[in-house]
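At position 213 of the sequence shown the residue is numbered 213 (our numbering), and the sequence of numbers has no breaks. Glycine included, every Cβ here is placed at the ideal spot set by N, Cα and C. Here is the structure we will look at, set down as structure tokens.
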Amino acid sequence: MIERGKFIIFEGILGAGKTTQAELARKHLISLGRNANYTREPGGATAGEVIRRLIFRLKKEKAINADHQVALFFASRDFWVREFVAANLGVGCDVVSDRSYPSTAAYQGYAEGADLESIERMTEIIMEEYKPDGIILLDISIDEGIKRTSSANKDEDDPYDKLGVEYFEKVARGYREMAKVNWSDVPWHVVNGEQPLSLVAHDVRGVLREILGLKKLDPNRLPPFELSALQSYTSRYG
Ligand code: ATM
1 MIERGKFIIF EGILGAGKTT QAELARKHLI SLGRNANYTR EPGGATAGEV IRRLIFRLKK
61 EKAINADHQV ALFFASRDFW VREFVAANLG VGCDVVSDRS YPSTAAYQGY AEGADLESIE
121 RMTEIIMEEY KPDGIILLDI SIDEGIKRTS SANKDEDDPY DKLGVEYFEK VARGYREMAK
181 VNWSDVPWHV VNGEQPLSLV AHDVRGVLRE ILGLKKLDPN RLPPFELSAL QSYTSRYG
């Protein structure tokens, strides 16, 4: 029987580095001899793509409330889970996702006031047996996130990016609270996303090894690139 792939979700506020770290994680899994695919909702599900565009349009026009968004994000997610996540895990391929249902809890729940228990119930219904093996929260300050996003070249006009400091304070608080209690009965791993990129990647690899049940990396035997990054980081920050 084929062993099911591992499913890992990256989460965080805007500018946390999810896309970069998710792609590096995928490459690391492949370097370990596994098959792994990167995705972000609605990733390849045509109906899901249409729903996502609709959410963005209605959000920009301020035409939907928190509950409408929850319903639409879960509708889009349902296509994605069945067409992408289940299909990959079923053939033994790992799935590394840039956001998923924890974003609905953080953004629509914590920041916009939608009922968290309902979001948790909908998570159980839509994700069913496809809940992730781990959620990696890239934790950064709001100032840093806003700074990074305003200097980034984005190909999509994201109405959520423009919601301001107060909104993102609620999102960030939500993520930290969920991580503390392993919300949705899944292990959460918090990684300091403000470190230099190579150190974030190193910490993420440690988490991936834990999820895969592999031995911890020996810090005295890091690959040269990581070792030099670690040394320059330590000399700068102690
Ligand atoms: P991406 O990061 O996947 O591009 O998502 C776009 C925005 O959609 C994101 N913006 N910011 N900052 C957060 C928002 N979003 C939600 O509000 N709820 C959700 O369930 C998801 C998946 C995304």
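Got a sec, what are the start and stop residues for the alpha helix (DSSP H) Gly48 sits in? Start and end: Thr46 to Lys60.
Locate the alpha helix (DSSP H) running through Asn88, then write down its first and last residues. Residue range Ala86 to Gly90 is occupied by the alpha helix (DSSP H) that includes Asn88.
Does DSSP put Ser150 in a helix, a strand or coil? DSSP places Ser150 in helix when its eight states are reduced to three.
Proximity to Asp158 [Cα-Cα], best of Lys60, Glu49, Val171 and Glu41: The option with the nearest alpha carbon to Asp158 is Lys60.
How close, in whole Å, do the beta carbons of Phe7 and Asp98 come, if the pair is a contact with beta carbons under 8 angstroms? Actually they do not touch by this definition, with Cβ atoms about 13 angstroms apart.
Could you pull out every residue in the same chain whose Cβ sits closer than 7 angstroms to the Cβ of Ala45, ignoring the five residues on either side in sequence? Around Ala45, the same chain offers Phe79, Trp80, Glu83 and Phe84 as residues with beta carbons nearer than 7 angstroms, after the five sequence neighbours per side are excluded.
Can you grab the Cα-Cα spacing for the pair Ile126 / Phe74, in whole Å? Ile126 and Phe74: Cα-Cα distance of roughly 7 angstroms.
Among the residues of its own chain, which have a CB less than 7 angstroms from the CB of Arg236, if the five just before and after it don't count? Low confidence applies here, because Arg236 scores a pLDDT of 46, under 50, leaving its location unreliable and the question unanswered by this model.
Beta bridge counterpart(s) of Trp80 as assigned by DSSP: Per the DSSP secondary-structure output, Trp80 pairs with nothing in a beta bridge.
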